[in-house]
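Structure, as structure tokens:
2 protein chains.
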Amino acid sequence: MTRGTPDTAPAVRDADLRRLVGYNIQRASSAVMGAVNRVLKPYGLRRASYSVLSVVVETPGLRQADVSDVLAIERPNLVQIIDGLEKAGWITRRRVDGDRRAYELHPTLAGRAHYTEARGALEAFDAKLTASLGDAAVAALIDGLNAVEGAGPEAEEKEAQRGTATS
Amino acid sequence: MTRGTPDTAPAVRDADLRRLVGYNIQRASSAVMGAVNRVLKPYGLRRASYSVLSVVVETPGLRQADVSDVLAIERPNLVQIIDGLEKAGWITRRRVDGDRRAYELHPTLAGRAHYTEARGALEAFDAKLTASLGDAAVAALIDGLNAVEGAGPEAEEKEAQRGTATS
DNA sequence: TAAGATCGTTATATCATATAACCATCTACA
DNA sequence: TGTAGATGGTTATATGATATAACGATCTTA
Chain B
1 MTRGTPDTAP AVRDADLRRL VGYNIQRASS AVMGAVNRVL KPYGLRRASY SVLSVVVETP
61 GLRQADVSDV LAIERPNLVQ IIDGLEKAGW ITRRRVDGDR RAYELHPTLA GRAHYTEARG
121 ALEAFDAKLT ASLGDAAVAA LIDGLNAVEG AGPEAEEKEA QRGTATS
Chain D
168 MTRGTPDTAP AVRDADLRRL VGYNIQRASS AVMGAVNRVL KPYGLRRASY SVLSVVVETP
228 GLRQADVSDV LAIERPNLVQ IIDGLEKAGW ITRRRVDGDR RAYELHPTLA GRAHYTEARG
288 ALEAFDAKLT ASLGDAAVAA LIDGLNAVEG AGPEAEEKEA QRGTATS
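Quick note, the sequences are listed as chains B and D, same order.
Just so you know, we're using the numbering used here here: the first sequence kicks off at 1 and counts up by one.
Just so you know, we're using the numbering used here here: the second sequence kicks off at 168 and counts up by one.
Structural data, given as structure tokens:
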């Protein structure tokens, strides 16, 4: 195998890191994201554009700033994503009357159909990720992730400055 | 507020996406990773360099290729990371006798000490992420993540080819 | 001893994400 | 009413994470 490793036990592990929830999230994330993109590629979508399409189909009439809030995508990054979806004919920018700055985003018929297709493929793939888990475990996983996501920003506050004291 | 939103209910949600485990992982990941980097910044570390330092402290004598395997970091990307850790005086590259191509990585005394410090801060932060969860839920979360991480690569090879042995 | 694999490396490409600055427009309020 | 400040969309740009190709040196193996 690798070398003169005793071949009885791996001996090389990341045990310290595996104790960190954040590390496990990152490993799982990077293990899955590439695969997700490959699932979406045949549909001309990537993770970000898929999520935008999803939200626009779910809630037609959103403005770009709304999408930015819901998906936690910075507005500047949204522009190109929406450009792409618009050029593909899946969503349209529609002027908002009463506010000449903003655009409402609406899915086209083709957009709805395309989303349904891509969604089928993606959900099928996603189901495989948890195929070994059982419904309760999947629910616990998602709950845990949501808790972490919510705690993330708040957990930062006091880490700012500190001398050498471990405290 | 956002606009003419009824302000009684959000109405704008990503419900479809939230059903996908992969999406929840991505959201949690991106909510946490920036914060982790900010926790590590005072120690002159980033996620990747912290993980390398961790593994080298845990298992001195690893070669770079071993670290690459354990952490799923491509070898080319490891080079700069290890350069940085070496220049900071936390690890050393030591020639392997018996193989003049390879280097063994060893932590310095300063490296061990520095890791201990950074680890304290990071584990304290990490604990906050799951502060609302309870031990069983945290264990379930990590188990779920590991299951997904393991399933990720395998869940792909259905469309492409079938029954092709990896080795 | 030659062919192929492995180790570390350089250079490079891609993607994801963040920030600053800008114009047009809207809103609030003095 | 008029102006200061906030907001929506946009451009340009920076940074970071990750992946690939290709190379020289060395090891391994047939």
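Ideal Cβ placement from N, Cα and C applies to all residues, glycine included.
With a threshold of 6 Å, establish whether the CB of residue i neighbours any heavy atom of the ligand MG.
i	result
B/Gly22	The ligand content of the structure shown is nil, which means the ligand MG is not present either.
So what does residue i bridge to, in DSSP terms?
i	result
D/Pro274	D/Ile258
B/Val96	B/Asp99
Spatial neighbours of residue i within its chain, please: CB distance less than 6 Å, with the 5 preceding and 5 following residues excluded, ordered by chain position.
i	result
B/Leu71	Ser51
D/Asn313	none
B/Val138	Thr130
D/Gly228	Glu271
D/Tyr210	Ala285
D/Asp233	none
State the start and end residues of the unbroken alpha helix (DSSP H) segment that holds residue i.
i	result
D/Asp409	The requested residue 409 of chain D is not part of the displayed model; chain D covers only 168 to 334.
D/Gly189	188-207
D/Glu241	Element bounds for D/Glu241: n/a, residue is neither H nor E.
D/Ala215	214-225
B/Leu17	15-18
For residue i, is the classification buried or exposed, using 16 other Cβ atoms within 10 angstroms of its Cβ as the cut-off for buried?
i	result
D/Ser299	exposed
B/Val32	buried
D/Leu336	Outside the modelled stretch of chain D, which goes from 168 to 334, sits residue 336 of chain D, for which no answer is possible.
D/Lys295	buried
B/Asn24	buried
D/Arg262	exposed
D/Gly278	buried
D/Gln247	exposed
D/Asp293	buried
D/Ala307	buried
B/Asp172	The structure shown has nothing for residue 172 of chain B, since chain B only spans 1 to 167.
D/Gly265	exposed
D/Ala335	Nothing about residue 335 of chain D can be read from this structure; chain D reaches only from 168 to 334.
B/Asp135	exposed
D/Arg267	exposed
B/Arg27	buried
B/Ala124	exposed
Does the beta carbon of residue i sit closer than 7 Å to a beta carbon anywhere in chain B?
i	result
D/Glu253	no
D/Thr297	yes
D/Ala215	no
D/Ser235	no
D/Val188	yes
D/Glu225	yes
D/Glu241	no
D/Asp293	yes
D/Asp302	no
D/Leu207	no
D/Ile258	no
D/Val219	no
D/Leu245	no
D/Leu276	no
Output yes if chain D places a C-beta closer than 7 Å to the C-beta of residue i; else output no.
i	result
B/Glu104	no
B/Gly44	no
B/Leu145	yes
B/Ala31	yes
B/Ala121	no
B/Ala113	no
B/Arg95	no
B/Ile81	no
B/Glu149	yes
B/Asn24	yes
B/Arg27	yes
B/Ala140	yes
B/Leu17	yes
B/Gln64	no
Output needed for residue i: all residues of its chain with C-beta closer than 8 Å, excluding positions within five of it in sequence on either side, in chain order.
i	result
B/Arg47	Met33, Val36, Asn37, Leu40
D/Ser221	Tyr282, Arg286
B/Arg93	Ile82, Glu86, Tyr103, Glu104, Leu105
B/Gln64	Arg75, Leu78, Val79, Ile82, Ala102, Tyr103, Leu105
D/Leu212	Leu220, Ala285
B/Gly89	Thr108, Ala110, Gly111
B/Val57	Pro107, Gly111, Arg112, Tyr115
B/Asp122	The question names Asp, but residue 122 of chain B in the sequence shown is Leu. The residues are Val36, Val39, Leu40, Tyr50.
D/Ile309	none
D/Ser196	none
Residues in the same chain with beta-carbon distance under 7 Å from residue i, minus the five sequence neighbours each way, listed in chain order, please.
i	result
D/Glu235	In the sequence under discussion, the amino acid at residue 235 of chain D is Ser, which differs from the Glu named in the question. Excluding residues within five positions, the ones whose Cβ falls inside 7 Å are Glu241, Arg242, Leu245.
D/Leu184	Tyr190
D/Gly251	Ser216
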